[in-house]
Structures are given as C-alpha cells and as structure tokens.
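A quick write-up on the structure given underneath.
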Amino acid sequence: MKSAAQSGNIENLLKNTNPNQSKQIESVLSDPEKAKKLLQSPQAQALMKLLGGE
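According to UniProt numbering, the sequence shown is numbered sequentially starting from 1.
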C-alpha cells in the first residue's frame, strides 16, 4: 500500500477496497475542493507523515 501511494498508482491502491469505497475515494480525488478538505484533516496529515517517514 505504501509503495502504491508513493508511486501515485491509484488503481493499485483501490483494488483492495470494496466498490463503494473505491467510488467514494474517486469522487473525492476528482473534486479539488473535496480533496483539499480531506488532505487538511488531522487523520490525513498523520497518514502522510507516516507514509512520508517524517
């Protein structure tokens, strides 16, 4: 999962989720405002820190 996220390969990341989750994720990622709001959440910040190794 970490390598898929770091490489930007969203298909590999989504293949392990159920179809409803995949649709929700794709919806957020295709809407810049939704994506911005999500990325500013404390949970997303913690995940990015974990994946980035900082």
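Virtual Cβ for every residue (Gly too), placed ideally from N, Cα, C. Here the structure is a predicted model, which means the values were calculated and not measured.
Run through DSSP, which three-state label would Gln40 get?
-> Counted from its first residue, the sequence shown places residue 40 at position 40. DSSP places Gln40 in coil when its eight states are reduced to three.
Met48 versus Pro19 - alpha carbon distance: Translated into the one-based positions of the sequence shown, residue 48 becomes position 48. Translated into the one-based positions of the sequence shown, residue 19 becomes position 19. Rounded to the nearest angstrom, the two C-alpha atoms are 24 Å apart.
For Asn20, report the span of its alpha helix (DSSP H) as first-last. The residue given as residue 20 occupies position 20 in the sequence shown. Residues 19-30.
Given this structure, state the Cα-to-Cα distance separating Glu33 from Lys23, to the nearest angstrom. As a working mapping, residue 33 is identified with position 33 in the sequence shown. As a working mapping, residue 23 is identified with position 23 in the sequence shown. For Glu33 and Lys23, the distance between alpha carbons rounds to 17 Å.
Original post:
Rounded to a whole number of angstroms, what is the C-alpha to C-alpha distance between Ala35 and Leu29?
Top reply: The sequence position of residue 35 within the sequence shown is 35, counting from 1. The sequence position of residue 29 within the sequence shown is 29, counting from 1. Approximately 5 Å, taken between the alpha carbons.
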